[in-house]
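> 10 is the number of the first residue of the sequence shown in this note's numbering; add one for each residue after it.
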Amino acid sequence: MGASGGIGQPMSLLLKLNPRISHLSLYDIVHTPGVAADLSHCSTKAKVTGHMGPDQLKACLEGCDIVVIPAGVPRKPGMTRDDLFNTNASIVRDLAEACSKFCPEAILCIISNPVNSTVPIASEVLQKAGVYNRNKIFGVSTLDIVRSNTFIAQAKGLDVNQVNCPVVGGHSGVTIVPLISQCTPPVSFPQDEREKLIVRIQNAGTEVVEAKAGAGSATLSMAYAGARFTNSMLEALNGEEGIVECAYVRSDETEAKYFATPLLLGKNGLEKNLGLGKLLDYEADLIKKAMPELKKNIEKGEEFVNKKA
Ligand code: NAD
10 MGASGGIGQP MSLLLKLNPR ISHLSLYDIV HTPGVAADLS HCSTKAKVTG
60 HMGPDQLKAC LEGCDIVVIP AGVPRKPGMT RDDLFNTNAS IVRDLAEACS
110 KFCPEAILCI ISNPVNSTVP IASEVLQKAG VYNRNKIFGV STLDIVRSNT
160 FIAQAKGLDV NQVNCPVVGG HSGVTIVPLI SQCTPPVSFP QDEREKLIVR
210 IQNAGTEVVE AKAGAGSATL SMAYAGARFT NSMLEALNGE EGIVECAYVR
260 SDETEAKYFA TPLLLGKNGL EKNLGLGKLL DYEADLIKKA MPELKKNIEK
310 GEEFVNKKA
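1) Using the Cα positions of residue 112 and residue 155, report the straight-line distance between them to the nearest angstrom.
2) Does the beta-carbon of residue 170 have 16 or more other beta-carbons within 10 angstroms, so that it is buried, or is it exposed?
3) When the Cα atoms are used, what is the spatial distance from residue 74 to residue 66?
4) I need the boundaries of the alpha helix (DSSP H) containing residue 219, first residue and last residue.
5) Would you kindly check if the distance between the Cβ of residue 93 and the Cβ of residue 82 is under 7 Å?
6) Count the other C-beta atoms from every protein chain shown that fall within 10 angstroms of the C-beta of residue 28, then say buried if there are 16 or more, exposed otherwise.
7) Please classify residue 249 as buried or exposed, where buried requires at least 16 other C-beta atoms within 10 Å of its C-beta.
8) Three-state secondary structure (DSSP) at residue 198?
9) Could you tell me if residue 165 is buried or exposed, where buried requires 16 or more neighbouring beta carbons within 10 angstroms of its beta carbon?
10) Give a yes or no on contact between the region 103-112 and the region 51-70, applying the rule of three or more CB pairs nearer than 8 Å.
11) For residue 189 and residue 161, what's the separation of their Cα atoms in angstroms?
12) Quick one: Cα of residue 159 to Cα of residue 298, how far?
13) Is the distance from the Cβ of residue 283 to the Cβ of residue 273 below 7 Å?
14) How is residue 289 classed by DSSP in three states: helix, strand or coil?
15) Is the CB-CB distance between residue 257 and residue 148 below 7 Å?
16) Taking 6 Å as the cut-off, does the CB of residue 79 come closer than this to any heavy atom belonging to the ligand NAD?
17) Confirm the yes/no value for this check: CB of residue 39, any heavy atom of the ligand NAD, distance under 6 Å.
18) Could you give the DSSP three-state label for residue 173: helix, strand or coil?
19) Below 8 Å on the Cβ atoms is my guess for residue 219 versus residue 86; work out the distance and round it to an integer in Å.
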């Protein structure tokens, strides 16, 4: 959903290359016939269909196992993710409503920002519709993990394919908390370097927004991250064991109602929340600092749906 956008198009291409996908169903309010026609000529297995406008939501969604949502406006320089709330909240609400009607069993992967609020929005909508399953709604924070792995590998001269650094919390500014102490392979940094690295990871989205100078936010790296998360979910749905990804979900791990931690994925979505693990005092402190903003973002999302009801 949002298939014609800056993220939607390259992510659709990456998904078209995925042999686990039998049908790639593209939805947007513009341009999907063209995007679908173009992609459908790639000689890979997935059948591609394009659907445009709300009248075609039913045809798009019926039978879907996984719905990935990057619909909505991106940031421009000087904007926070929360500045997108007014536009994107209603887009995610309406798309979640359509999912509740046409594919109530599907796994929802939400990319649209502010993720800290859009996941609570979709969850409230599904609850109202009586089809909520907390194990099937994910806020895609994979780009934070991808960035951490890349920056750590560069700093330490490691093969990035071997690096895995969990990132917990939310998906904006200080709510992004990389747990460098839990990185595999183990890495260590002097405290000042570690702090700089964490700030870079937290501001990496802004780094791209500024470099693009008004032309949008991260699209190619997000498409890569979204395709990675979707592939992990497909592996888990297909019964492969030991598939772990961090994502932002309904959670009992901290005092925040939604929180990202490493998750074991399974045939029904979230199989087991693997929790925070052992934290350094410094990391526990970062999580504490993230709480006020995270809780505020969550309440804002919930209030948006309940106010409109
Ligand atoms: P974009 O403007 O290039 O594309 C958005 C697409 O959504 C457009 O094609 C637009 O037509 C479509 N759209 C708008 N309203 C719609 C609706 N009601 N139904 C279906 N489609 C609709 O933006 P982008 O760069 O692709 O970014 C999309 C979203 O992803 C933004 O909210 C951005 O902040 C977010 N994002 C998230 C992450 C993350 O890590 N989770 C990273 C980067 C960007």
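Don't be surprised by glycine CBs; every beta carbon is placed ideally from N, CA and C.
So, from the listed chains and residues:
1) Answer to the nearest angstrom: the Cα atoms are 30 Å apart.
2) exposed
3) 15 Å
4) 213-221
5) yes
6) exposed
7) Residue environment for residue 249: exposed (fewer than 16 other C-beta atoms within 10 angstroms of its C-beta).
8) coil
9) By the neighbour-count criterion, in which a residue is buried when 16 or more other Cβ atoms sit within 10 angstroms of its Cβ, residue 165 is exposed.
10) yes
11) 9 Å
12) 25 Å
13) yes
14) coil
15) yes
16) yes
17) Yes.
18) strand
19) 5 Å
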